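Report on one structure; see the data block that follows.
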Amino acid sequence: MSRSLEAALRTKRAAGQKLLVPYLTGGFDGWADCVRAAVANGADAIEIGVPFSDPVMDGPVIQEASWKALDRGATPQSVLDEAADLDVEVPLAVMTYYNLAFRAGHQRFAAGLIRAGITGCILPDLPYIESAPWRLAAVAEGVEPVQLAAPTTPDHRLTELCAASRGFVYSVGLMGVTGGRAALAESAKVTAARCMAVTDTPVLVGVGISTPDRAAEVVQASDGVVVGTSMVAKMMAEGPEGVGELVAEYRAAIDTSSVN
Amino acid sequence: MVMAEPSSDGRFGEFGGRFVPESLVAACEELEAAFRTAWSDPVFVAEFHRVLKDYGGRPSPVTEAAQLSKKLGLRLLLKREDLNHTGSHKINNVVGQALLAARMGKTKLVAETGAGQHGVATATAAAMMGMECKVYMGAVDVERQALNVFRMQLLGAEVVPVESGSRTLKDAVNEAMRHWVAVVEDTHYCLGSVMGPHPYPWMVREFHRVIGDEAREQCAALLDGGVPDVVTACVGGGSNAAGLFSGFADSDAELVGVEPAGGAAVTRGVPGVVHGMLSYLMQDEDGQVLEAQSISAGLDYPGVGPEHAHLAKTGRATYETVTDAEVIDAFGLLSRTEGIIPALESAHALAWVVRDERLRGKTVLLNLSGRGDKDVNQMMDILK
Chain A
75 MSRSLEAALR TKRAAGQKLL VPYLTGGFDG WADCVRAAVA NGADAIEIGV PFSDPVMDGP
135 VIQEASWKAL DRGATPQSVL DEAADLDVEV PLAVMTYYNL AFRAGHQRFA AGLIRAGITG
195 CILPDLPYIE SAPWRLAAVA EGVEPVQLAA PTTPDHRLTE LCAASRGFVY SVGLMGVTGG
255 RAALAESAKV TAARCMAVTD TPVLVGVGIS TPDRAAEVVQ ASDGVVVGTS MVAKMMAEGP
315 EGVGELVAEY RAAIDTSSVN
Chain B
350 MVMAEPSSDG RFGEFGGRFV PESLVAACEE LEAAFRTAWS DPVFVAEFHR VLKDYGGRPS
410 PVTEAAQLSK KLGLRLLLKR EDLNHTGSHK INNVVGQALL AARMGKTKLV AETGAGQHGV
470 ATATAAAMMG MECKVYMGAV DVERQALNVF RMQLLGAEVV PVESGSRTLK DAVNEAMRHW
530 VAVVEDTHYC LGSVMGPHPY PWMVREFHRV IGDEAREQCA ALLDGGVPDV VTACVGGGSN
590 AAGLFSGFAD SDAELVGVEP AGGAAVTRGV PGVVHGMLSY LMQDEDGQVL EAQSISAGLD
650 YPGVGPEHAH LAKTGRATYE TVTDAEVIDA FGLLSRTEGI IPALESAHAL AWVVRDERLR
710 GKTVLLNLSG RGDKDVNQMM DILK
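From first to last, the protein sequence lines stand for chains A and B.
FYI, in the working numbering the residues of the first sequence are 75 to 334.
FYI, in the working numbering the residues of the second sequence are 350 to 733.
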């Protein structure tokens, strides 16, 4: 059964909670158990990566997980089929690249997500200016098309895309691809604050959040975080147990932070 | 009007657009504005043509291929882009983009390359302009185009082998885009073909328009004011073809692009979105991009520039494919009959001219987009 991503996130936010959304690459060996472990340890929603041949927004770690998933035969449909069997109590979103939706057809792709119990959809190479046809089809099927805001997004477009975004607003933490950085970019908090000023939709920061400390820092200026690369690295190295522990660490860090 | 400016959202018909991460949208908008202003500024345009003349060696001649014409029973004219500085048409585009980058205050260039021709050209323009240069090149291509790798290094560029994906041109584009997102403030992405997000397909075609404009005049002088029956060029991303076609799009000449059989996006692809554009794309039923397979690293690309998709869809241009074996024969044939060793890319167009019986008795203008020096090692292995 599909749970609305935005409704769930709003409810938790209203209860004073900061939001934690781990990203895990679908189709990677053992990924479904990693999702269950993440949920058991306090994830508020899960972002499922659907592997694509040309992941232009992803750094080396997520690229590697994608390639390994594709190598073992993962397809968009096989990932959705496995997602449908997850049976977890939090809402699900996919993150993938636009060509998979374009090739399937917007309506068919959106309907497939709903059938798999997924309501959120993030397409990082489909910028707001090109997104209207997809958003229309997605919303009609009950899919929440998450929009991304970047440090370089001008004010007028930031306002528009925040208004159009469903599920949450994905505030891109830095100018670059996914992956850890030496320090939290100043742009992470600035961009999040710009989004928070123009929308009531939950604002989550992703890209460049590679430690619990940084997550704790960034939730001071946002409603929550998307944590990708460090989760995927853990999934590849240690599997479900490692992912569960890491989610618990992030959970503790941002909960402590939001109480302060 | 055929081959005019794209629409405000960067479309040629239904193709094109700006499918890049939000982080890069502002950079594309900035580039479009800068190009628009520069291209309508007579000072910039004059400087562009001055550099192409004094540094690049333009205009390139049109050569009557007398021996080969006789052998094939047609009149074959070669537009000699192989005689340009750096050995191919690629210099036109990089001079334009380097001048534009400097005008925008950028101090570094990043580029992708397949065969290495665009990488060499970008490294050359960077050296000429005193800019830093980084070139992403698929590891497979680094291997088969070692000479061009060394050339780029001689010119002061850093060559970064790309180990992801199929380790060829498409992956080099991915990696160059990933790098560009992080350094967009001081770095211009010098894209090497009529592909990518708006304004690249339009801008790169405009920088190569000089090929078609020159050829139109040169043909008029040779053909009593007329145009050739057929105008042809090889197509990977499609930049040399776009440049040549733009000079003849409003004429009666038949326009024919020639793709490698293993990378025939127009002929075998279906609409898809990758590298910032909506165009024909070789992909599987799920939308995963397929790896191209061609003897020529410069054409080893599963997509094609969106304007070619539009020209094909509207029927203004047609697209043919040739096999690696036909290309190898054509490569040798031109070398022996005319004393011109063509780039393997250009040999694709020639292979079609050699094969197609329909062309007998006609006048054919072929873009000899590059010289074959870079391919000699590879051909030595194949022919020995």
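Just so it is clear, CB atoms sit at the ideal spot from N, CA and C, and this is done for glycine as well.
As the structure is a prediction and not an experimental result, all values here were calculated from the model.
With a threshold of 6 angstroms on Cβ separation, who are the neighbours of residue i within its own chain once the five nearest residues in sequence on each side are excluded?
i, result
"B:L660", "A666"
"A:F183", "A175"
"B:Q446", "C539"
"A:A266", "S245, V277, V279, A295 and S296"
"B:F364", "L627, S628, P655, A658 and H659"
"A:H180", "W208 and A211"
"B:V400", "V444"
At a Cβ threshold of 8 angstroms, is residue i touching chain B?
i, result
"A:P228", "yes"
"A:D128", "yes"
"A:G194", "no"
"A:G247", "no"
"A:N173", "yes"
"A:M75", "Here the model assigns A:M75 a pLDDT of 45, short of 50, so the residue's position is not dependable, and the following value carries that caveat. So no, A:M75 is outside the interface."
"A:M131", "yes"
"A:I283", "no"
"A:G250", "yes"
"A:Y97", "no"
"A:F176", "yes"
"A:I328", "no"
"A:Q181", "no"
"A:E218", "no"
"A:P150", "yes"
Is the shortest distance between the beta-carbon of residue i and the beta-carbons of chain A less than 8 angstroms?
i, result
"B:V638", "yes"
"B:D635", "yes"
"B:V533", "yes"
"B:R367", "yes"
"B:K519", "yes"
"B:N734", "Since the first residue shown for chain B is 350 and the last is 733, residue 734 of chain B is missing from the structure and cannot be characterised."
"B:A474", "no"
"B:Q416", "no"
"B:N433", "no"
"B:Q632", "yes"
"B:G621", "yes"
"B:G514", "yes"
Taking Cβ to Cβ, would you say residue i is nearer than 8 angstroms to residue j?
i, j, result
"B:T712", "B:K420", "no"
"A:T170", "A:A143", "no"
"A:Y244", "A:V220", "yes"
"B:V559", "B:R407", "yes"
"A:G302", "A:T252", "yes"
"B:L717", "B:R360", "no"
"A:S78", "A:T193", "yes"
"B:G636", "B:G647", "no"
"B:N441", "B:G468", "no"
Return the chain-ordered list of same chain residues with a C-beta closer than 7 angstroms to the C-beta of residue i, the five sequence neighbours on each side being excluded.
i, result
"B:K519", "V638, Y650 and P651"
"A:L83", "L93, D118, A119, F242 and P276"
"B:F680", "P691, L693, A696, G721 and M728"
Where residue i and residue j are concerned, what is the direct C-alpha to C-alpha distance, given to the nearest angstrom?
i, j, result
"B:G618", "A:P198", "24 angstroms"
"B:E524", "B:Y485", "7 angstroms"
"B:S513", "A:K308", "21 angstroms"
"A:A167", "A:A88", "21 angstroms"
"B:A414", "B:R424", "8 angstroms"
"B:H434", "B:E608", "25 angstroms"
"A:D145", "B:S515", "13 angstroms"
"B:W551", "B:C377", "12 angstroms"
"B:L458", "B:P355", "25 angstroms"
"A:A114", "A:R288", "22 angstroms"
"A:V124", "B:G612", "26 angstroms"
"A:A257", "B:M728", "50 angstroms"
"B:D573", "A:D229", "58 angstroms"
"B:L732", "B:T672", "16 angstroms"
If you drop the 5 nearest sequence neighbours on each side, which residues of the same chain put their C-beta closer than 8 angstroms to that of residue i?
i, result
"A:A112", "P96, L98, I120, M305, V317, G318 and V321"
"B:V762", "Any property of residue 762 of chain B remains undetermined from this structure, which presents chain B solely from 350 to 733."
Against chain E, does residue i count as a neighbour if the rule is that its beta carbon must be under 8 angstroms from one of theirs?
i, result
"B:F384", "Protein chains A and B are contained in the structure displayed, whereas chain E is not."
Check for me: the alpha helix (DSSP H) holding residue i runs from which residue to which?
i, result
"B:R424", "That residue, B:R424, is in no alpha helix (DSSP H); its beta strand (DSSP E) goes R424 to R429."
"A:P286", "P286 to V292"
The beta strand (DSSP E) spanning residue i covers which residue range?
i, result
"A:S245", "V243 to V246"
"B:E603", "E603 to P609"
"B:Y629", "G625 to L630"
"B:Y668", "A666 to V671"
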